[in-house]
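J.: Counting with UniProt numbering, you get residues 1 to 785 for the letters of the sequence shown.
Where a beta carbon is used, it is the ideal one built from N, C-alpha and C, also for glycine.
Pasting in a structure now, in C-alpha cells, and then I'll have a few things to ask.
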Amino acid sequence: MRTKTKKQRSYLRKIYLWITLAILLPLILFAIIAFFQVEKAVLDNEYEANKKILYQVKYNINMMDDMIVNSVLSMYYNPEISSLIYNNQVDYADTLNELNKIKTSVLNINPFIHSIYLYNGATKTYFTTRDDLLFKDKDFETLLQSKQELPKLKPLPRKIEYSKGNDKKRYENVVTYLMYDFKDASNQPDGALVVNASTEWLLNNIKDINMVDEKRQDKIIILDNKGEIIGNNLEKDELQDPLKAIYQKHHSGLTSSDNTGYYTDYMNGKKYLITYTYVERMNWTLVKAQLYDEVFQKINTLKYTLIAIIVVFMLIAFVASIFISRKIYKPIGNLVKQVVSNVTEIDHSHSKDEISYLNKAYQLSIDQLKQYKLDKQSDREILKTYFLRKLLADSHSVTKDEFVKVTSESGVCLSQYEPGLVCIVKIDDRSQFEQMYGHFDRDLCIYGIINISIEILSEFFRIEAVEIKNDHIAFILNIDDSDKETNASELTRLWEISQSHISQYFRLSISIFVSDICESLHDLTDMYSVALNNSVYRLIFGKSCILTNQIIQSNTNNSQLGYSASLEKKLVDSLKSGNALYAEETLNKIFDEITKLNYNNVLMSVMNLVNTLKEMTDEINRIRLEPLHINFNLLSQQLFSMETLEEQQEKILHLCENIVSSAERTENDKHAIIAGTVIELIQADYANPAMCLQYVSDKLNISSKQVSKIFNNQCARSVADYLNDVRLEKAADWLQNSNRSIKEILQKIGVENESYFYKLFKKKYGVTPKEYVLNKNVKETRQLN
C-alpha cells in the first residue's frame with residue numbers, strides 16, 4: 001500500500017525535485033562564481049592598485065590638470081578640429097591631415113600627452129593620433145556605451161589595451177580628459193575631444209612615497225632596469241633591502257617582457273603579497289609588499305557569509321518547493337482523484353506517473369467516443385435508436401413481439417410490462433453551446449451527459465437514452481410505482497448528482513423535466529408528449545431546474561391572463577418622471593406576478609409589457625427635441641430567444657434604465673440644438689455686417705447672456721470668436737482662389753473696418769492678407785517648376 005501511494009504521487013515528487021533544483025542550483029552556482037569572482041576581484045583590485053600609477057597621478061594632479069586643461073581648450077575651440085568632431089560625414093584625407101598637425105603642434109611640445117582622439121557622435125567613430133588611425137580603444141568604447149554622463153575637463157584614469165597576438169594583451173595607463181558641448185538622448189556626447197595623458201610623465205616626477213599606509217606594514221619601492229632602488233638617498237627601513245633581494249631572486253634571468261605580476265614570499269618571518277609593475281618607457285619597476293593576511297581577511301569573511309546564506313536559502317527553498325509544488329500539483333491531484341473514481345478500466349498503479357495515467361484515461365475516453373460513434377452508426381445501434389424514438393413518438397403501435405425482438409437483438413434493457421416514465425433533458429444556453437463547440441466536441445459533451453446520467457441512474461432503474469433532433473435527450477426508465485413519493489425524491493436526488501458531475505466535467509448546465517408514470521411502456525407516448533410540452537416551463541423556473549407536473553401545477557392551473565394594470569401604470573409614470581429606483585421596484589413586482597402565470601400567458605404578458613414600453617416611448621418622442629431610438633423589433637427577437645424569464649427581466653430593466661438616463665440628457669440636447677442653430681445662422685448670414693451676438697439672440701428670442709453661456713459651454717468658444725473665424729476662413733478662401741481685392745472680400749464677409757480685419761487676419765494666420773496671397777503665388781510657382 002505504501003509503495004502504491006508513493007507511485008501514485010510520483011509526479012508530485014518530480015515537481016518537488018525540479019523546483020528545489022531550480023531554486024538551489026542557480027543559488028549554489030551563483031555563490032561559487034561570486035566567491036571566486038570576489039576573490040579574483042580582491043586580488044585584481046590590489047594588483048591593479050599597485051600596478052597603476054595612481055599615487056603619482058595624485059602627487060602631480062594639480063600641475064598636470066592645469067597643463068592638460070589648457071591644451072584641451074585650445075585644441076577644442078580650433079575650428080578645424082571642431083568641424084571634424086561634429087561633421088555628419090567623414091573626410092579621411094582632412095582628418096589625417098589635421099591629426100598630423102596635432103602631432104606636430106601639440107604632441108611634440110607636450111610630452112605628457114600620450115594620445116588624442118577625435119570622437120564624432122554623428123558617425124559613432126573616433127580617430128587617434130597614434131599610428132593606427134582607426135585604433136580600437138576597447139576601454140574607451142566601453143566608456144561610451146555605458147550611457148553614464150562623462151565628466152568634462154576632469155581626469156578620468158583608465159587603461160588602453162593593446163593586442164600582442166596569441167591572445168596576449170598589453171595595457172598602458174593613461175589619464176583621459178574629455179571636452180564636449182552637447183549630448184544626445186542616451187546622455188552621450190554628440191562629439192568630443194579626448195586627450196590621454198601618459199603616466200610615464202608622472203613616473204618621471206615621483207619623488208615621494210608617503211601614500212603608503214605605514215600602519216598596514218605596506219612598502220613600495222621603485223627599481224630601475226638593473227634592479228637598483230631608485231632614490232637611495234631616501235630614508236631606508238627594514239623592508240627595503242629584503243624586498244629588493246626577493247624581487248631579484250624571483251626575476252633573475254627574466255626579461256623585461258615579464259612586465260607585470262605578483263607572488264608571495266616571506267620577509268622578516270612574515271608572509272607578504274608582492275606585486276610588481278614594469279613601466280615600459282621609464283624602464284622602471286614598481287614593487288609593493290603587503291601582509292598576506294590583511295589581503296585575504298575579507299575573502300575568508302565573505303566565504304563564511306556565502307556558506308551561511310546558502311544554508312539559509314536551502315531551508316527556504318525546501319519549504320518553498322513544498323508549498324509551490326503542492327499548489328501546482330493540487331489541480332492535477334484533484335483531477336486524478338476524479339478520474340480514478342470514474343474510470344475503472346485503467347489501473348493507476350501501472351502508470352509511470354499521474355500525467356501518463358491521465359493521458360491513458362483521456363485516450364480511453366476518445367476510444368470510447370469513437371466506439372460510441374461506431375456503435376451509433378452500426379445496424380444494431382441504428383435499430384435501437386429507431387426503436388426508442390418510435391417508442392416515444394408512437395408507443396401504441398409497438399407490438400409485444402416487436403418489443404421482445406428488439407430487446408433481444410438491439411440490447412434494449414427496458415421491460416414493456418413494467419411502469420415507466422420519460423425524462424426530458426435540455427442543455428441550457430443551447431445557442432451558446434453550439435457556438436462555442438464544434439460538431440465533434442458537441443458530440444463528446446452529449447455522449448458524456450448520456451454516459452454520466454446512465455451510470456448514476458442505472459444503479460436504481462433500468463434506463464435507455466436517445467437524442468432527439470439535436471434539441472433534447474430523452475431518458476426512458478422502468479420504475480416501481482408502489483411508492484411514488486420515494487421514487488420521485490430518489491430520482492430527483494440522482495438527477496442532482498448527475499447535474500453536479502456534468503457541470504464539473506463539462507462546465508455545462510442541464511434542465512430536466514420528469515413525466516408522470518405510465519402503467520406500461522406502451523402508453524409512453526402520452527407521457528412523453530405532456531413532458532415535452534411542459535418542459536418549456538424552464539422559462540419560469542430557470543436553468544438547472546428539475547421539474548415535474550406537480551411542481552408546475554400551480555402555473556398550469558392559473559387562469560389569470562396577465563399582470564395587474566395598476567402596476568403597468570405605475571411603471572409608465574415612474575419612467576416618465578425619471579424615477580429609476582421606483583421603476584425597477586415596480587418592474588420586479590410585475591415579473592413576480594408573471595412568474596405565477598401559465599406559459600402562454602407569460603409570453604403574452606412579456607409581449608404586452610414590451611408593447612406598453614413602445615407606446616410610452618412613442619409618446620415621449622413626440623414631445624422631445626431629439627427622439628429615443630430603440631429597435632423594439634430587435635428587442636422582441638432578443639427577448640424570445642432567451643431561455644429564462646430572469647434574463648428577459650434583466651433585458652427590460654436595462655431598457656428602462658436607458659429611457660430614464662436619456663430623459664436626463666434632454667436639457668443637454670436642447671442646449672446642443674441652440675448652439676447648432678447659432679452656428680447655422682452664422683454660416684448662412686456671416687456677410688451681414690449686423691451679425692453679432694445680439695442679432696443671433698434676437699433671432700432665437702433668447703437673451704444674449706443665455707445664448708453666450710450656452711454656446712461657450714457647448715463649443716468652448718464665444719459667439720464673436722466663432723463669427724470671426726468663419727469670416728476669416730472665407731476671406732482666406734477667396735484670397736487663395738479668386739482675384740478679388742481686399743475691399744471686395746471685406747464686403748463679402750460683412751467686415752466694415754479694414755484695419756480691424758488686418759489685425760484679426762494676422763493674429764490667426766501670422767501674416768497679412770497681401771503676404772498670404774504672395775505665399776500662395778510662390779507655392780504655385782514651385783509646383784509648376
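Can you round the beta-carbon distance between residue 114 and residue 197 to whole angstroms, since I take them to be within the 8 Å contact cut?
T.: 6 Å
J.: At 4 residues or longer, what runs of the alpha helix (DSSP H) sit wholly inside the region 486-573?
T.: 524-534, 538-541, 553-556
J.: Is the CB-CB distance between residue 238 and residue 187 below 7 Å?
T.: no
J.: Excluding the five sequence neighbours on either side, which residues of its own chain have a C-beta within less than 7 Å of the C-beta of residue 536, listed in chain order?
T.: 599
J.: Should residue 263 be labelled buried (16 or more other beta-carbon atoms within 10 Å of its own) or exposed?
T.: exposed
J.: Any chance you could list the alpha helix (DSSP H) runs of at least 4 consecutive residues sitting entirely within the region 126-166, in chain order?
T.: Considered as a whole, the region 126-166 harbours 138-145 as its complete alpha helix (DSSP H) runs of no fewer than 4 residues, in chain order.
J.: Helix, strand or coil: which one does DSSP assign to residue 124?
T.: coil
J.: In terms of alpha-carbon separation, which member of 548, 478, 445 lies closest to residue 461?
T.: 478
J.: State yes or no: is the C-beta of residue 317 within less than 7 Å of the C-beta of residue 15?
T.: no
J.: Is it true that the CB of residue 397 sits closer than 7 Å to the CB of residue 453?
T.: no
J.: Give me the residue from 464, 740, 275 with the minimum Cα distance to residue 45.
T.: 275
J.: Just grab the DSSP bridge partners of residue 475 for me.
T.: 423, 465
J.: For residue 106, name the three-state secondary structure that DSSP assigns.
T.: coil
J.: Could you compute how far the alpha carbon of residue 443 sits from the alpha carbon of residue 656?
T.: 41 Å
J.: Should residue 207 be labelled buried (16 or more other beta-carbon atoms within 10 Å of its own) or exposed?
T.: Residue placement at residue 207 is poorly supported in this model, since its pLDDT is 47, which falls under 50; the coordinates still yield a value, given next. Within a 10 Å sphere around the beta-carbon of residue 207 sit fewer than 16 other beta-carbons, which makes this residue exposed.
J.: Using alpha carbons as the reference points, say which of 291, 277, 292 lies closest to residue 285.
T.: 277
J.: Counting Cβ pairs, one atom from each stretch, are 3 or more of them under 8 Å apart for the region 486-500 and the region 510-521?
T.: By the Cβ rule, the region 486-500 counts as touching the region 510-521, because three or more pairs are nearer than 8 Å.
J.: For residue 389 and residue 418, I'd like the C-alpha separation in whole angstroms.
T.: 19 Å
J.: If you reduce the DSSP assignment to three classes, tell me which class residue 396 lands in.
T.: helix
J.: Pull up the distance between the alpha-carbon of residue 436 and that of residue 543, whole angstroms please.
T.: 18 Å
J.: Please name the residue or residues paired with residue 411 in a DSSP beta bridge.
T.: The partner list for residue 411 (beta bridge, DSSP) is empty, contrary to what the question assumes.
J.: Which residues in the same chain have their Cβ closer than 6 Å to the Cβ of residue 182, if we skip the five residues on either side of it in sequence?
T.: 190
J.: Just tell me which of 393, 326, 421, 539 has its CA closest to the CA of residue 469.
T.: 393
J.: If we count Cβ pairs, one from each stretch, closer than 8 Å, do we get three or more for the region 698-714 versus the region 728-736?
T.: no
J.: Have a look at the DSSP bridge pairing and note the partners of residue 193.
T.: 118, 179
J.: Whose C-beta lies closer than 8 Å to the C-beta of residue 754 among residues of the same chain, with five residues either side of it excluded?
T.: 742, 743, 746
J.: Quick check: what's the CA-CA separation for residue 282 versus residue 125?
T.: No answer about residue 282 holds up, because its pLDDT of 46 lies below 50 and its placement is not dependable.
J.: Drop a sphere of 10 angstroms on the beta-carbon of residue 3, count the other beta-carbons inside from all chains shown, and report buried for 16 or more, exposed for fewer.
T.: Legend: pLDDT at residue 3 = 42, less than 50; position of this residue unreliable, value from coordinates given subsequently. Exposed is the call here.
J.: According to the Cβ coordinates, are residue 408 and residue 522 closer than 7 Å?
T.: no
J.: Near residue 554, what residues of its chain come up, given a Cβ to Cβ distance below 8 Å and the 5 sequence neighbours on each side ignored?
T.: 596
J.: Using a Cβ-Cβ cut-off of 7 Å (strictly less than) and excluding sequence neighbours within five positions of residue 531, which residues of its own chain qualify?
T.: Excluding positions up to five away in sequence, the list reads 422, 424, 513, 515.
J.: Are residue 110 and residue 85 closer than 7 Å when you measure CB to CB?
T.: no
J.: According to DSSP, what are the bridge partners of residue 273?
T.: According to DSSP, which records beta bridges pairwise, residue 273 is partnered with 264, 290.
J.: Exposed or buried, what is residue 416 when buried is set at 16 or more other beta-carbons lying within 10 Å of its beta-carbon?
T.: buried
J.: Give the straight-line distance between the Cα atoms of residue 671 and residue 681, rounded to the nearest whole angstrom.
T.: Computed Cα separation, rounded: 15 Å.
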